[in-house]
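Below you'll find the structure, written out as structure tokens, and then a few comments.
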Amino acid sequence: MNLTISQIAEELGVPFTGDGGLSITGIAGLRDAQEGDLSFLANARYALDITETKASAVLVGKEHDQPCKPVLIKVEDPDAAFAQIALYFAPLPITPDVGVHPKAIVSEDFELGNRVSIGPYCVLESGVKVGDGTVLSAGSYIGHNTHIGKNCFFYPHVSIRENVEIGHRVIIHNGTVIGSDGFGYTVDKKGVRTKIPQLGSVKVEDDVEMGANVTIDRARFGKTSIGCGTKIDNLVQIAHNVVIGEHVVLCAQVGISGSVTIGDYAILGGQVGCAGHLEIGEGAMIGAQSGVTKSVAPKTFVSGYPAMEHAKATRMHAHQMRIPILKSKVKSLEKRLQELEDKAN
Amino acid sequence: MNLTISQIAEELGVPFTGDGGLSITGIAGLRDAQEGDLSFLANARYALDITETKASAVLVGKEHDQPCKPVLIKVEDPDAAFAQIALYFAPLPITPDVGVHPKAIVSEDFELGNRVSIGPYCVLESGVKVGDGTVLSAGSYIGHNTHIGKNCFFYPHVSIRENVEIGHRVIIHNGTVIGSDGFGYTVDKKGVRTKIPQLGSVKVEDDVEMGANVTIDRARFGKTSIGCGTKIDNLVQIAHNVVIGEHVVLCAQVGISGSVTIGDYAILGGQVGCAGHLEIGEGAMIGAQSGVTKSVAPKTFVSGYPAMEHAKATRMHAHQMRIPILKSKVKSLEKRLQELEDKAN
Amino acid sequence: MNLTISQIAEELGVPFTGDGGLSITGIAGLRDAQEGDLSFLANARYALDITETKASAVLVGKEHDQPCKPVLIKVEDPDAAFAQIALYFAPLPITPDVGVHPKAIVSEDFELGNRVSIGPYCVLESGVKVGDGTVLSAGSYIGHNTHIGKNCFFYPHVSIRENVEIGHRVIIHNGTVIGSDGFGYTVDKKGVRTKIPQLGSVKVEDDVEMGANVTIDRARFGKTSIGCGTKIDNLVQIAHNVVIGEHVVLCAQVGISGSVTIGDYAILGGQVGCAGHLEIGEGAMIGAQSGVTKSVAPKTFVSGYPAMEHAKATRMHAHQMRIPILKSKVKSLEKRLQELEDKAN
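Heads up: the protein sequence lines correspond to chains S, E and F, in order. Per our numbering, the first sequence runs over residues 914 to 1258. Per our numbering, the second sequence runs over residues 914 to 1258. Per our numbering, the third sequence runs over residues 914 to 1258.
Laid out in structure tokens, this is it:
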């Protein structure tokens, strides 16, 4: 691909200063950029990099006024503008072959939409339905009576158990497992455990995306459910009977225990753990690595272990860091008091 | 399925009050229940839900006396009673086809029990033995000379390396890996690492269940071992040479470092991490997210980071939360002391 | 296998005292060893075990002088010596068949080195290159235009997306995913997220080893990269645009957020979490379970949450544990001060 600075500025609908005929042949971050690359500065953290970049042109914010070697193109939102131009330099999209690969196994009774792509070594058990335009990549397994909506994209090695419902435009990355049994046992007095049948299922609504090697357990009865538009990062664990609202964000390695409810628009940072049967309110934010032991009110920001209001957690941390000062104050008080006592006697 | 209230009460051997002819057509939690559903109340946390549920009948404890709309059936253990009735409403169990699927690859020398089911796209290397009644689902891989006992059930995409021993009635969920190399290297003075051959194996005893995407490393020599009846949740990591006793519970995302020993009946909460070479005593309990840095005595309950006796951890946390009070006490002491000093001079 | 004590001592080039003709038929740890086994004592933690072991011979350090039943062979480094002898007792190495298995799917345009082994049910998309001597085990997926170097070994069920570059002698364990999309979205005012195309790739340099069920995301643009000799344990998560140096160690379940840079020779303990856009300096050490919220200077050892210099974290922890003492000191001061005040009035 090859665009001139003028073409890029025109595409973005913004002016520029410098050599409009300069040819841009690639895109890169400020540090990796070579001559001919377009880069961008969206985060003040990287401001210094602009003085050292080899990029030929850089997208910057309107307020940017640091002079530097590359041609600067000022835009409202450098991140979004870069994403827009990056599409021109993207690798050719891979279009999976339409149809059922001869090396896939599908039952006779399965219902297939139009323009479906079923990759090699996929196994689709009896009663599976796949909606129009959905792609199941190589080596995926879809259990009995599982229904998948339209225009979904499953990467290779996805594993979905029986009776699961998946909405439309759902993206699932490699190695993710949906519908494994919940971790439920009865315990006798000695501590020996007996498996409780996990008779429920999982429901995943429209526009959900799940990362790689995620695990989502089926419900003991009823449904573990993931609301519309929710985004789940790699290696997240969601236990049985969890109910996740719409447009929730679960960062990597989060673990949600059984029967937790998470409200719409909540955001959970990486490696957060959440004890069973809690309610995380709508729009709540949970700082990375927090251990949530009590329900969280809507729109609250909590952090730490046990998780508490973030402002309080920060204050408490500051207090802890000042214990040595407190200690030396007490020491000095002891000394002064001793002197007074000596005087008084 | 369709059961009347009388039939349900009879099945449970308990009396009831209300319309015995009422027809129950499904089961659900209190919140999700619709007319015609049976639900249950086992956890006081959900007591309020019973006043708002649409369920037609609810299983409650003997002591329950809150009047409400649904028919109440009083039982000793609502959870167990519900599980018993739920079986009537369970989806039909899926019975895998007996035999080796024509699209599975098995070596000529492998030993196959009776009523074994080997799914499509499974690969069983040379020397594999599979006991009577065991099911290996689609796309599983079983390495050279690995032996699997009777009546095991492996879900799709399980991956087991060579020379592993699996007992009877072991359940393994999708994507779990057993027998990957331990994380062992020699280090030279510069910090460059050289792989130490991992010559040992893994032994999994009877009645173990493992969740999805679990990883269990083989021993450097000897065996990583998992005792009889132990239950392992999703995304747990067990390093080389770990020895886990019988009837142990490892909740989701636990990580056990190399050569740790865990006694029988120990319970480790979600996301617990355990440093190498420690001993976790029989019946010990480790609170969720704890960081275990020292061995834990039998029957002890520890929590926090670094993990300490739970009662002590709770006390320490309370002390920390009261630092601001301590601080203001010191401030007031300073003031009062200053006044005394002024007076004394 | 069968070696005499004399043969073992000769192999190691060291003297021994005792019955040189004694026959060693196996190897084991001190606790598991049976008669006929060779064991070793490398860690003082296990010193007591040598008095109770059933091993016939034990490799010990030169300074060892505890008398005991097994024949002792004194060596410079018992661990290394044991590793050397263990090779004689190792299970026969498994040599994968050279060639493309008839049940593998490879595109017509793929480039295959010499002595390559492609296992059954592998899928290699168009444009894939595989170097001399590389082994791709059963059920692996290699995406379009991904290039793999020489003498790599991929265990079963590895999943690699398109346009990824893998160096020479790279080992990847079962179920690991490389090149899944980064977790990147734009957010509108309501909190609804739209996927940002992840147009970049992943580059893995020579001599890297990755454990089982690891996930490594592709870059938004440019490359997520893993430097030469770096070792990554099971269930580690590496987000988009992370740049990892050479000979780095990431223990199990570590999570690295987007755009983090990690210097050469850094070591991250198990379950460490690292916030986005930070720099971890060369040779830094991060204690297990730490939550890293700020960049870490080279050669620094940090721990805790939020991670701080380890010596400081340890000191702070000690201070916290002594709050009760501080509290009782303040109480006593209050009492003494009250007495003085009473006297003064």
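Ideal Cβ placement from N, Cα and C applies to all residues, glycine included.
Neighbours of HIS1160 (chain F) across chain E, judged by C-beta separation under 7 Å: GLY1104, VAL1105, ARG1106.
For PHE995 (chain F), the three-state secondary structure derived from DSSP is helix. At least 8 Å separates the beta-carbon of ASN1076 (chain F) from that of ASP1045 (chain F). In the three-state reduction of the DSSP assignment, LYS1244 (chain E) falls in the helix class.
For a cut-off of 8 Å, the C-beta gap from ALA1179 (chain F) to ALA1197 (chain F) is around 5 Å, short enough to register as a contact. A Cβ of chain S is located within less than 8 Å of the beta carbon of ASN1076 (chain F).
Not a single CB atom of chain E sits nearer than 8 Å to the CB of ALA1165 (chain S). In the DSSP annotation of this structure, ARG958 (chain F) is not part of any alpha helix (DSSP H), being labelled neither H nor E. A residue is called buried once 16 or more other Cβ atoms fall within 10 Å of its Cβ, and GLY934 (chain S), having fewer, is exposed. The Cβ atoms of VAL1117 (chain S) and ILE1055 (chain S) do not sit closer than 8 Å to each other. With 16 or more other Cβ atoms from the protein chains shown falling within 10 Å of its own Cβ, ASP1146 (chain F) counts as buried.
In the structure shown, MET1229 (chain F) adopts helical secondary structure according to DSSP, grouped into three states.
Contacts between LYS1212 (chain F) and chain S, judged by CB atoms closer than 7 Å, are missing: the closest CB pair is about 23 Å apart. A Cβ-Cβ distance of about 5 Å is found for the pair ALA968 (chain F) and ASP950 (chain F), placing them in contact under the 8 Å criterion.
Classified as buried, PRO1033 (chain E) has 16 or more neighbouring CB atoms from the shown chains inside 10 Å of its CB. The residue from F:THR930, F:VAL1048, F:ILE998 with its alpha-carbon nearest to that of LEU1025 (chain F) is F:VAL1048. Assigned with DSSP and collapsed to three states, THR964 (chain S) falls in helix. Listed in chain order, the positions of the region 1229-1254 of chain F with a beta carbon within less than 8 Å of a beta carbon of chain E are HIS1230, GLN1233, MET1234, ILE1236, PRO1237, LEU1239, LYS1240, VAL1243, LEU1246, GLU1247, LEU1250, LEU1253, GLU1254. Here ARG1106 (chain S) carries a strand assignment [DSSP, helix/strand/coil].
Under a criterion of Cβ atoms nearer than 9 Å, the residues of chain E adjacent to PRO1033 (chain F) are, in order, ILE1018, TYR1034, VAL1036. Check the Cα spacing between HIS1014 (chain S) and each of S:THR1213, S:PRO983, S:SER1030, S:THR966: the tightest is with S:SER1030. A Cβ-Cβ distance of about 11 Å is found for the pair VAL1185 (chain E) and ILE1175 (chain E), leaving them out of contact under the 8 Å criterion. Taking the Cα of THR1143 (chain F) as reference, the smallest distance to any Cα among F:GLY974, F:GLN1150, F:ASP1119, F:LYS1016 is reached at F:ASP1119. For the C-beta of ARG1028 (chain F), not a single chain E residue is nearer than 7 Å; the gap to the nearest is close to 20 Å. Neighbours of ASN1147 (chain F) in chain S, taken as residues whose beta carbon is under 8 Å from its own, are absent, since the nearest beta carbon is some 11 Å off. When secondary structure is reduced to three states using DSSP, ASP1255 (chain E) falls in the helix class. Chain order gives no chain S residues near ASP950 (chain F), where near means a beta carbon separation below 8 Å; the closest approach is about 33 Å. The beta carbon of HIS1070 (chain E) falls within 8 Å of a beta carbon belonging to chain S, placing the residue at that interface. Residues of the region 978-1000 of chain F that bring their beta carbon within less than 9 Å of a beta carbon in chain E comprise ASP992, ALA993, PHE995, ALA996, ALA999, LEU1000, in sequence order.
Not a single C-beta of chain F is nearer than 8 Å to the C-beta of LYS1063 (chain E). When only Cα atoms are considered, VAL1090 (chain S) and TYR1098 (chain F) end up about 23 Å apart.
Residue pairing of VAL984 (chain S) in beta bridges, as defined by DSSP: S:ALA970. Taking C-beta separations shorter than 8 Å and ignoring five residues to either side along the sequence, the partners of ASP1177 (chain F) in its chain run GLY1140, GLY1158, GLU1159, HIS1160, VAL1161, GLU1195, GLY1196, following chain order. For the pair ILE963 (chain S) and ASP1094 (chain E), the Cα-to-Cα distance works out to about 44 Å.
Using a CB distance cut-off of 8 Å, TYR1178 (chain F) counts as an interface residue toward chain E. Taking the Cα positions, LEU943 (chain S) is about 11 Å away from PRO983 (chain S).
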